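Asker:
There are 2 protein chains.
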Amino acid sequence: MLNLNLLRIYRVVLDQGSFSRAAETLSITQSAVSRAVQELERQLGMPLLERRARGVVPTEAGALLGEHARRIFAHEQVALEALNELRDLRRGRLSIGASSTIGIYLLPSMLGEYHRLYPGIELFLDIGNTQQVMEHLRSYRIEVAYVEGPVASDEHVQIVPWRDDELVVIAAPDHPLAQRTDLVAADLVAMPFVLREPGSGTREVMEQALAARGIAVRTVMELGSTEAVKQAVSAGLGLSIVSWATIQMELDSARLVALDVADLSIRRQLSRAHVRDRPQSRALQEWLKLAGR
Amino acid sequence: MLNLNLLRIYRVVLDQGSFSRAAETLSITQSAVSRAVQELERQLGMPLLERRARGVVPTEAGALLGEHARRIFAHEQVALEALNELRDLRRGRLSIGASSTIGIYLLPSMLGEYHRLYPGIELFLDIGNTQQVMEHLRSYRIEVAYVEGPVASDEHVQIVPWRDDELVVIAAPDHPLAQRTDLVAADLVAMPFVLREPGSGTREVMEQALAARGIAVRTVMELGSTEAVKQAVSAGLGLSIVSWATIQMELDSARLVALDVADLSIRRQLSRAHVRDRPQSRALQEWLKLAGR
DNA sequence: TAAAAATACTCCATAGGTATTTTAT
DNA sequence: ATAAAATACCTATGGAGTATTTTTA
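Sequence lines, in order, name chains A and B.
Under the working numbering, think of the first position of the first sequence as 19, with each following residue one higher.
Under the working numbering, think of the first position of the second sequence as 19, with each following residue one higher.
1. From Leu306/B, Arg198/B and Ile177/B, pick the residue whose C-alpha is nearest to that of His292/B; which is it?
2. Pull up the distance between the alpha-carbon of Leu129/B and that of Tyr123/B, whole angstroms please.
3. Counting only runs that start and end within the segment 193-281 of chain A, where is the beta strand (DSSP E) found for 3 or more residues in a row?
4. What residues in the segment 96-115 of chain A bring their beta carbon closer than 8 Å to a beta carbon of chain B?
5. Could you spell out where the beta strand (DSSP E) holding Gly115/B opens and where it closes?
6. Kindly list, in the order they appear in chain B, the residues whose Cβ is closer than 7 Å to that of Arg296/A.
7. To the nearest angstrom, how far is the alpha carbon of Ala87/B from that of Arg26/B?
8. Counting only beta-carbon atoms, is Thr43/A nearer than 8 Å to chain B?
9. Determine the closest residue to Ala298/A out of Ala246/A, Asp192/A, Ile160/A and Met209/A, with distance taken between C-alpha atoms.
10. Over what stretch of residues does the beta strand (DSSP E) that includes Leu288/A continue unbroken?
11. When DSSP builds the beta bridges, which residues end up paired with Glu184/A?
12. Within 10 Å of its beta-carbon, does Ser113/B have 16 or more other beta-carbons around it, so buried, or fewer, so exposed?
13. Under a three-way DSSP split, which group does Ala170/B fall into?
14. Thinking Ala41/B and Val55/B are a contact (beta carbons under 8 Å), I'd like their distance in whole angstroms, please.
15. So which residues on chain A does Ala79/B lean against when the C-beta distance must stay under 7 Å?
16. Mind checking which residues open and close the beta strand (DSSP E) that includes Tyr164/B?
17. Thinking C-beta only, is Ala276/A closer than 8 Å to Val207/A?
18. Tell me the rounded alpha-carbon separation between Gly110/A and Ile139/A.
19. Less than 8 Å between the C-beta atoms of Arg285/A and Glu184/A, yes or no?
20. Is any beta-carbon of chain A found at less than 8 Å from that of Met64/B?
21. Helix or strand or just coil, what does DSSP make of Ile46/B?
22. Since His86/B meets chain A, which of its residues come closer than 9 Å, beta carbon to beta carbon?
23. Would you identify the three-state DSSP class for Gly146/A, choosing helix, strand or coil?
24. How many whole angstroms separate the CB atoms of Gly73/A and Ser49/A, which I take to be in contact at a CB cut-off of 8 Å?
25. Could you spell out where the alpha helix (DSSP H) holding Pro65/B opens and where it closes?
26. Using 8 Å as the limit for Cβ to Cβ distance, is Ser157/B near chain A?
27. Taking all protein chains shown into account, do 16 or more other C-beta atoms lie within 10 angstroms of the C-beta of Met267/A, making it buried, or fewer, making it exposed?
28. Check the Cβ-Cβ distances between Ser52/A and every residue of chain B, and say whether any is below 8 Å.
29. Quick one: Cα of Ala234/B to Cα of Glu59/A, how far?
30. Arg89/B CB to nearest chain A CB: under 8 Å?
31. Would you please state the rounded distance, in angstroms, between the beta carbons of Val162/A and Arg290/A? I believe it to be under 8 Å.
32. Would you report the Cα separation of Leu101/B and Leu66/B, rounded to the nearest angstrom?
33. Could you tell me which chain B residues have their CB closer than 7 Å to the CB of Leu20/A, listed as they occur along the chain?
34. Listed from N- to C-terminal order along the chain, which residues in the segment 192-215 of chain B have their beta-carbon within a distance smaller than 8 Å of any beta-carbon of chain A?
35. Find the residues of chain A that neighbour Ser36/B, judging by a C-beta separation of less than 8 Å, and give them in chain order.
36. Have a look at Ala309/A and Asp205/A and give me their C-alpha separation to the nearest angstrom.
Printed below as a string of structure tokens:
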């Protein structure tokens, strides 16, 4: 095993062609350089330098070792540069998990902005239901998770409130209730509703909100995605309740309307989850600034 | 600048996947490993390992650094192996200088043997006159010089007696003196002689020997190489005096004969020369064993 | 509760400094 | 006479050990 500290000094001696100039370059004394090279020669059991009147000249072994040393230290620089790239976010990886509403409707534009800022960072977005995403977080497949379901911190995972989400009742533009401006929750009783599948975070919040107000609706259809629900509502199959974030485009293009139900404000907390004490990558730290908290 | 001692420990931690196993491999304590990695992380200003229940897992930076470390230490091994090859004479270089007689007639067969023993060593044989060869020795172009001329040690160069050389009078097989068995030096007086050029070591020794015995010969021709002299003598142009070593083949093929002149034994010292205090390569050390002293 | 990592302390060999001597031109 | 390298001697600290505590599955 080579003593690389000594080798480093030796390499400078070769570069400078003399012990004293190497000492200067290294900001140590000539004495220290002299002993370092001697010690290296002793450890290797072979002379490396011929001490001539004008400076030093490598022996065959010395020249050979010098060339290898050059490569070793060149590679050291490559390693440092690679770490700097990571530090400066010129390269890296960011793996985010999100439950579907967040992953599909909220994150993409933010990820776009992030990518414009840090084009060298590879982005991974893992979309699944809350349980899946939390599982991926625990098994270190993602570094942060965004979820809508009611999850709680535990000893491994820390949950941080992220932002509020508002759910609205949606209808087709030609729905009987679409023009009403004086709607109250009671008007929804027995209305046909299109729902997400059981287990969906959105459905859970929706059912709680309606149940809390004693409103029983009529389920006409259960669908596995928000997109499908929106299509069904747009086609006039019934009403539904979805996150504001998911219908921006449909409101603009007048394919859906949001009903303004006076006493039915449904809000929920969107959360960010981390593994406790897990060191955060620089890429994540910058993402958190951009994504709010 | 990376602390490569710490990096070496860190690399073992990655290989072993845990601090305590790394400590075992390194024959140091777990405590030391723990502190080494912490110090490396401190110096780089970034965490490298996530400490999990079952051992450790590298962060992105940690994995990146680990890969570079692998290459750095792999290259260290390459360097060590290269030095070992040099040490074991599996590679290397041997530069020998010799004055012409030695270089042409004595060294080649020995170099052949050396090459069979150490096929990895590159051989360089620099043939010139004594002055040229000694100059190349002083300017470090060759590591050892073999010369015939009367050279003396000085403060830079050390001359060591190598072996004796005997010079003999040669003639064409049909020369009038060729059959005589009772020759004495006086019989050579006024005989036609073929000589090497002035400055040749052989010519110098020859002239001294004849002059010492008061014998004046007749110069019929001066030639620039021993080969040319032999050709001329063989063609019957006259006698000459050359080293035994140079005429083995001609004696065997009866193209020349050596005259047995009772009172004319001409011996000279062949010498080996080195630059004082210059470290000797392993390749040279082995050569000296093979070449005698 | 057991295994791994971190921490507190102690020690010393190494790598450095200063001062001087030796070597080579 | 000068400049470079080697050497002698001294010092400080980084890297190691032991013992113990903390952490986590």
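Don't be surprised by glycine CBs; every beta carbon is placed ideally from N, CA and C.
Source: prediction; values computed, not measured.
Answerer: Taking the geometry as given:
1. That would be Ile177/B, whose Cα lies nearest to the Cα of His292/B.
2. It is roughly 11 Å from the alpha-carbon of Leu129/B to the alpha-carbon of Tyr123/B.
3. Those beta strand (DSSP E) runs which fall completely within the segment 193-281 of chain A and span 3+ residues are 210-214, 236-241, 258-261 and 275-277.
4. If the cut-off is 8 Å between Cβ atoms, the segment 96-115 of chain A has Val96, Ala97, Leu98, Ala100, Leu101, Leu104, Arg105, Gly110 and Arg111 near chain B.
5. Gly115/B: member of the beta strand (DSSP E) spanning Gly110 to Ser117, first to last residue.
6. At a C-beta separation below 7 Å, Arg296/A has these neighbours in chain B: Glu68.
7. Rounded to whole angstroms, Ala87/B to Arg26/B spans 8 Å at the Cα level.
8. Not closer than 8 Å to any Cβ of chain B, the Cβ of Thr43/A fails to qualify, so no.
9. First, the amino acid is wrong: residue 298/A is Gln here, not Ala. The residue with the shortest Cα to Cα distance from Gln298/A is Ile160/A.
10. Following the DSSP letters along the chain, one finds Leu288/A inside the beta strand (DSSP E) bounded by residues Ile284 to Val293.
11. Glu184/A pairs with Arg285/A.
12. A residue is called buried once 16 or more other Cβ atoms fall within 10 Å of its Cβ, and Ser113/B is buried on that count.
13. The answer is coil: DSSP assigns Ala170/B none of H, G, I, E or B.
14. A Cβ-Cβ separation of about 11 Å leaves Ala41/B out of contact with Val55/B under the 8 Å criterion.
15. Chain A residues near Ala79/B: Leu101 and Leu104.
16. Run containing Tyr164/B: Val162 to Val165, per the beta strand (DSSP E) assignment.
17. In this structure, Ala276/A does not lie closer than 8 Å to Val207/A by Cβ.
18. One C-alpha to the other measures close to 5 Å.
19. At a Cβ-Cβ threshold of 8 Å, Arg285/A and Glu184/A count as neighbours.
20. Closer than 8 Å to some Cβ of chain A, the Cβ of Met64/B qualifies, so yes.
21. For Ile46/B, the three-state secondary structure derived from DSSP is coil.
22. Those are His93, Glu94, Val96, Ala97, Leu98, Ala100 and Leu101, listed as they occur along chain A.
23. Judged by DSSP in its simplified three-state form, Gly146/A adopts strand.
24. Contact between Gly73/A and Ser49/A is absent: CB atoms are separated by about 17 Å, not below the 8 Å threshold.
25. Where Pro65/B is concerned, there is no enclosing alpha helix (DSSP H), given that its DSSP letter is neither H nor E.
26. It does not: the Cβ of Ser157/B has no partner Cβ on chain A nearer than 8 Å.
27. A residue is called buried when at least 16 other Cβ atoms come within 10 angstroms of its Cβ; Met267/A does not meet this threshold and is exposed.
28. Contacts with chain B at 8 Å (Cβ-Cβ) do not include Ser52/A.
29. Between Ala234/B and Glu59/A, the C-alpha separation is close to 59 Å.
30. At least one chain A Cβ lies under 8 Å of Arg89/B.
31. Right, their Cβ atoms sit about 6 Å apart.
32. Distance between the alpha carbons of Leu101/B and Leu66/B is about 33 Å.
33. Listed along chain B, the residues sitting closer than 7 Å to Leu20/A by beta-carbon distance are Glu94, Ala97 and Leu98.
34. Listed in sequence order: no entries.
35. Using a Cβ-Cβ cut-off of 8 Å, Ser36/B is close to nothing in chain A; its nearest Cβ partner there is about 17 Å away.
36. Cα to Cα, the separation comes out at about 38 Å.
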